[in-house]
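*Asks:*
Protein chains: 2
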Amino acid sequence: MKNMKYKSVLVTGGAGFLGHHLLFDLLNKGFAVRCFDLVKPSWITSDIEFIEGDFTSSQILAPAIKDIDVIIHLASTTLPETSNDDPQFDAISNLAGTIGLLNLAVKHRVKRIIFISSGGTVYGNPSVFPTPESHPVNPLCSYGIIKLATEKYLRMYSALYGLKSCSLRLSNLYGEYQRVDTNQGAVAVFCHKALQRKPIDIWGDGTVVRDFLYVKDSLEAITKAMLSDCSGTEINIGYGQSASLNQVIACIESLLGRKVACRYFPERPFDIHKVCLDISKAKQKLDWDPSTSLQDGIRLMIDWIKTGKK
Amino acid sequence: MKNMKYKSVLVTGGAGFLGHHLLFDLLNKGFAVRCFDLVKPSWITSDIEFIEGDFTSSQILAPAIKDIDVIIHLASTTLPETSNDDPQFDAISNLAGTIGLLNLAVKHRVKRIIFISSGGTVYGNPSVFPTPESHPVNPLCSYGIIKLATEKYLRMYSALYGLKSCSLRLSNLYGEYQRVDTNQGAVAVFCHKALQRKPIDIWGDGTVVRDFLYVKDSLEAITKAMLSDCSGTEINIGYGQSASLNQVIACIESLLGRKVACRYFPERPFDIHKVCLDISKAKQKLDWDPSTSLQDGIRLMIDWIKTGKK
Numbered sequence: 218m219k220n221m222k223y224k225s226v227l228v229t230g231g232a233g234f235l236g237h238h239l240l241f242d243l244l245n246k247g248f249a250v251r252c253f254d255l256v257k258p259s260w261i262t263s264d265i266e267f268i269e270g271d272f273t274s275s276q277i278l279a280p281a282i283k284d285i286d287v288i289i290h291l292a293s294t295t296l297p298e299t300s301n302d303d304p305q306f307d308a309i310s311n312l313a314g315t316i317g318l319l320n321l322a323v324k325h326r327v328k329r330i331i332f333i334s335s336g337g338t339v340y341g342n343p344s345v346f347p348t349p350e351s352h353p354v355n356p357l358c359s360y361g362i363i364k365l366a367t368e369k370y371l372r373m374y375s376a377l378y379g380l381k382s383c384s385l386r387l388s389n390l391y392g393e394y395q396r397v398d399t400n401q402g403a404v405a406v407f408c409h410k411a412l413q414r415k416p417i418d419i420w421g422d423g424t425v426v427r428d429f430l431y432v433k434d435s436l437e438a439i440t441k442a443m444l445s446d447c448s449g450t451e452i453n454i455g456y457g458q459s460a461s462l463n464q465v466i467a468c469i470e471s472l473l474g475r476k477v478a479c480r481y482f483p484e485r486p487f488d489i490h491k492v493c494l495d496i497s498k499a500k501q502k503l504d505w506d507p508s509t510s511l512q513d514g515i516r517l518m519i520d521w522i523k524t525g526k527k
Numbered sequence: 218m219k220n221m222k223y224k225s226v227l228v229t230g231g232a233g234f235l236g237h238h239l240l241f242d243l244l245n246k247g248f249a250v251r252c253f254d255l256v257k258p259s260w261i262t263s264d265i266e267f268i269e270g271d272f273t274s275s276q277i278l279a280p281a282i283k284d285i286d287v288i289i290h291l292a293s294t295t296l297p298e299t300s301n302d303d304p305q306f307d308a309i310s311n312l313a314g315t316i317g318l319l320n321l322a323v324k325h326r327v328k329r330i331i332f333i334s335s336g337g338t339v340y341g342n343p344s345v346f347p348t349p350e351s352h353p354v355n356p357l358c359s360y361g362i363i364k365l366a367t368e369k370y371l372r373m374y375s376a377l378y379g380l381k382s383c384s385l386r387l388s389n390l391y392g393e394y395q396r397v398d399t400n401q402g403a404v405a406v407f408c409h410k411a412l413q414r415k416p417i418d419i420w421g422d423g424t425v426v427r428d429f430l431y432v433k434d435s436l437e438a439i440t441k442a443m444l445s446d447c448s449g450t451e452i453n454i455g456y457g458q459s460a461s462l463n464q465v466i467a468c469i470e471s472l473l474g475r476k477v478a479c480r481y482f483p484e485r486p487f488d489i490h491k492v493c494l495d496i497s498k499a500k501q502k503l504d505w506d507p508s509t510s511l512q513d514g515i516r517l518m519i520d521w522i523k524t525g526k527k
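Listed in order, the protein sequences are those of chains V and B. Under my numbering, the first residue of the first sequence is numbered 218, with each subsequent residue one higher. Under my numbering, the first residue of the second sequence is numbered 218, with each subsequent residue one higher.
1. Nearest by alpha-carbon distance to Asp-422(B): which of Leu-517(B), Ser-344(B), Ser-293(B), Arg-480(B) is it?
2. DSSP three-state call for Phe-451(V): helix, strand or coil?
3. At 7 angstroms on the CB atoms, spell out the chain B contacts of Met-373(V), in chain order.
4. Can you find at least 3 beta carbon pairs, one from the region 351-359 of chain B and one from the region 372-383 of chain V, that sit closer than 8 angstroms?
5. Listing by chain order, which chain B residues have their CB less than 7 angstroms from the CB of Gly-317(V)?
6. So what's Phe-267(V) in DSSP terms, helix, strand or just coil?
7. Considering only residues of the same chain and omitting the five flanking positions on each side of Gly-455(V), which have a CB-CB separation below 6 angstroms?
8. Using beta carbons (cut-off 7 angstroms, strictly below), is Ala-308(V) in contact with chain B?
9. Based on DSSP bridge pairs, tell me the residues matched to His-290(B).
10. Using beta-carbon positions only, say whether Val-404(B) and Val-397(B) come within less than 7 angstroms of one another.
11. Who are the near neighbours of Asp-520(V) in its chain, counting only those whose CB is closer than 7 angstroms to its CB and skipping five residues on each side?
12. Quick check on Val-404(B): does DSSP put it in helix, strand or coil?
13. So, for Ala-232(V): in the same chain, excluding its five sequence neighbours on each side, which residues have a beta-carbon less than 6 angstroms away from its beta-carbon?
14. Taking buried to mean at least 16 other C-beta atoms within 10 Å of its own C-beta, is Trp-505(V) buried or exposed?
15. On the three-state DSSP scale, how would you describe Asp-422(B)?
16. Using a Cβ-Cβ cut-off of less than 9 angstroms, list which residues of the region 398-409 of chain V approach chain B; keep chain order.
17. May I ask you to list the residues that DSSP assigns as paired with Asn-389(V)?
18. With a threshold of 7 angstroms between beta carbons, is Lys-219(V) in contact with chain B?
19. Can you list the residues of chain V that Lys-476(B) reaches, using a CB-CB cut of under 8 angstroms?
20. Taking CB distances under 7 angstroms as the criterion, tell me whether Ala-313(B) reaches chain V.
21. Assign Gly-379(V) to buried or exposed, taking buried as 16 or more other Cβ atoms, counted over all protein chains shown, within 10 Å of its Cβ.
22. Looking at the unbroken alpha helix (DSSP H) that takes in Asp-242(B), where does it start and where does it end?
23. Between the Cα of Phe-306(B) and the Cα atoms of His-325(B), Ile-363(B), Val-327(B), Val-345(B), which residue gives the shortest distance?
24. So with CB distances below 7 angstroms, who are the chain V contacts of Pro-486(B)?
25. Buried or exposed: where does Thr-338(V) fall if 16 or more other Cβ atoms within 10 Å of its Cβ makes it buried?
26. Could you tell me whether the region 326-335 of chain B touches the region 286-293 of chain B, where touching means 3 or more Cβ pairs closer than 8 angstroms?
27. For the alpha helix (DSSP H) that contains Val-250(V), what are its first and last residues?
28. Counting only beta-carbon atoms, is His-224(B) nearer than 7 angstroms to chain V?
29. Shorter than 7 angstroms from the beta carbon of Ala-366(V) to some beta carbon of chain C?
30. Does DSSP put Ala-460(B) in a helix, a strand or coil?
31. Taking Cβ positions only, does Lys-369(B) come closer than 7 angstroms to chain V?
32. In the structure shown, what three-state DSSP assignment does Thr-262(B) receive?
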């Protein structure tokens with residue numbers, strides 16, 4: 218790429234599933250790429266600069282911000298499912314930690330920051346589907362509240378200190394390189410269990426609905442948000458259509474040509490019934506549209522697990 | 218009062234200006250009253266139980282929650298004007314501190330919590346006047362962001378753990394017992410300076426508009442919110458009409474029968490241009506309406522300062 222608006226990009230939390238995809242995508246697009254995370258993953262190549270550390274310490278984070286044009290902030294110390302176990306930790310680590318990141322970004326004259334927020338938690342149980350960004354926000358987990366508060370700090374730093382920013386409210390990502398051995402990420406876990414011929418665990422009756430987005434579709438949204446001029450705003454990034462857990466299982470069964478076993482557990486009080494994001498703002502502001510159907514995405518997921526996750 | 222819904226009330230931050238009024242008001246209404254604050258004020262009487270400590274430590278706060286029916290949470294470690302000096306401190310002390318308070322309230326089966334939020338900061342610079350609770354919230358100071366995040370935790374604890382709560386978005390309070398020797402609280406400071414024949418300092422040209430509410434009017438709103446059944450919601454508590462700083466000065470001049478000197482300083486980027494709260498929700502849900510005009514309130518303020526602040 219010639220005449221690039223930005224040269225160098227820092228990805229915090231880059232060692233995770235989304236970070237893995239994003240770092241190589243940015244590299245392919247010609248950016249100098251730096252990854253900051255707790256532990257250096259085995260797949261990091263020599264053309265990705267890696268700095269090891271905990272983002273919640275400004276002192277440790279500071280060297281990672283030097284000479285950076287854009288920060289893409291993925292790092293988080295909590296998950297939606299576990300954040301209510303200790304909301305104080307969530308506030309102290311993620312919120313105060315990200316404020317420290319913003320302070321460093323202002324100090325080092327970073328040009329832009331993209332914050333990865335959460336379309337699946339900030340709205341709580343929405344009353345309108347697909348759910349637009351203007352919908353009331355009443356999270357049922359600390360994770361969502363802290364994401365919201367962080368969005369507000371991004372807006373404030375944009376208004377007061379000129380730090381351009383955009384918060385992307387991502388829906389449920391799935392795809393290659395996702396961990397399959399956790400309770401997190403239904404598509405990956407379900408496919409893995411099905412291929413292993415082990416029963417799939419479901420909280421509730423499987424009618425909960427999610428907006429599943431294929432990870433490679435999200436990459437275009439992130440780089441488009443990075444290169445756009447919009448600032449101090451939030452944008453939903455989802456598939457814009459939704460599927461129940463039972464529909465995901467039916468799709469896996471159809472692709473595998475056999476039934477899979479499920480075990481049903483009681484619904485949890487913080488489980489959101491339905492997520493389906495209105496993505497018209499992303500279409501309009503970022504000229505972005507996802508292209509991978511859930512069936513195609515699940516097929517890619519299954520192929521990746523089958524081929525030994527290379 | 219007979220057949221009281223609640224017997225015992227804890228006021229955190231009760232040693233401050235609003236707490237002073239509130240404790241005696243609750244006492245007069247027949248409640249057993251406990252005050253928790255950093256330092257015991259001289260005016261605390263023997264019929265008010267006082268526990269000394271920092272609310273941001275759950276360990277220190279815990280004994281204050283025992284045998285309490287209702288908590289009115291006024292305590293804050295920051296002010297709107299100073300919160301941007303160190304937003305990390307704001308998040309760690311006020312947000313994590315209040316989450317600790319909520320955890321204790323659930324553990325000790327507190328029946329209700331009233332949180333004092335901030336009508337002057339949560340909306341940022343509103344586009345609609347008077348401003349209803351449903352207006353977009355984009356604070357320009359950390360104080361406002363943390364108040365918003367706290368409101369969200371109250372809603373979440375109400376939904377998940379049945380802790381009944383209400384957040385009151387108070388406008389600019391003024392009245393007797395307010396500190397006159399700070400930069401906080403325009404009416405009190407202006408009256409004091411005018412009586413001392415010292416110049417009044419103003420940031421901007423004095424056209425900024427505030428919703429000034431006489432403190433004794435706010436007491437009825439707080440006790441009505443305490444006794445009401447509404448939960449998991451936010452309610453504006455203001456005078457519902459607004460006045461510019463220049464109008465406050467004109468009112469003081471009229472009451473004193475002479476001109477007062479003013480010094481004008483540059484506007485600060487986080488100064489909100491206009492605050493005027495829509496109080497129809499408070500009228501409807503709490504059957505509450507303020508009754509003291511700004512002129513009557515300023516007269517009471519001047520009388521109190523003149524008589525040696527007894």
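Note that the Cβ used here is the ideal one computed from N, Cα and C, for glycine as well.
*Replies:* On the basis of the data shown:
1. Considering only alpha carbons, the answer is Arg-480(B).
2. Looking at the sequence provided, one finds Glu at residue 451(V) rather than Phe. In this structure, Glu-451(V) counts as strand in the three-state DSSP scheme.
3. Pro-356, Leu-357, Ile-362
4. Yes, they touch.
5. Gln-305
6. strand
7. Gly-336, Ser-388, Asp-428, Leu-430, Leu-494, Ile-496
8. Closer than 7 angstroms to the CB of Ala-308(V) there is at least one CB belonging to chain B.
9. Thr-229(B), Phe-332(B)
10. no
11. none
12. helix
13. Asp-254, Pro-258
14. buried
15. coil
16. The region 398-409 of chain V vs chain B, Cβ under 9 angstroms: nothing.
17. Phe-429(V)
18. Annotation note: pLDDT 46 at Lys-219(V) (below 50); position unreliable, no value reported.
19. Residues of chain V passing the Cβ test: none, with the nearest at roughly 36 angstroms.
20. yes
21. Residue environment for Gly-379(V): exposed (fewer than 16 other C-beta atoms within 10 angstroms of its C-beta).
22. 234-245
23. If you compare the alpha carbons of His-325(B), Ile-363(B), Val-327(B), Val-345(B) with that of Phe-306(B), the shortest gap goes to Ile-363(B).
24. Leu-377
25. buried
26. yes
27. No alpha helix (DSSP H) contains Val-250(V), which is instead part of the beta strand (DSSP E) from 249-254.
28. The sequence given here has Lys at residue 224(B), not His. Not an interface residue.
29. No chain C appears in the structure shown, which is made up of the protein chains V and B.
30. strand
31. yes
32. Of the three classes helix, strand and coil, the one that applies to Thr-262(B) here is coil, per DSSP.
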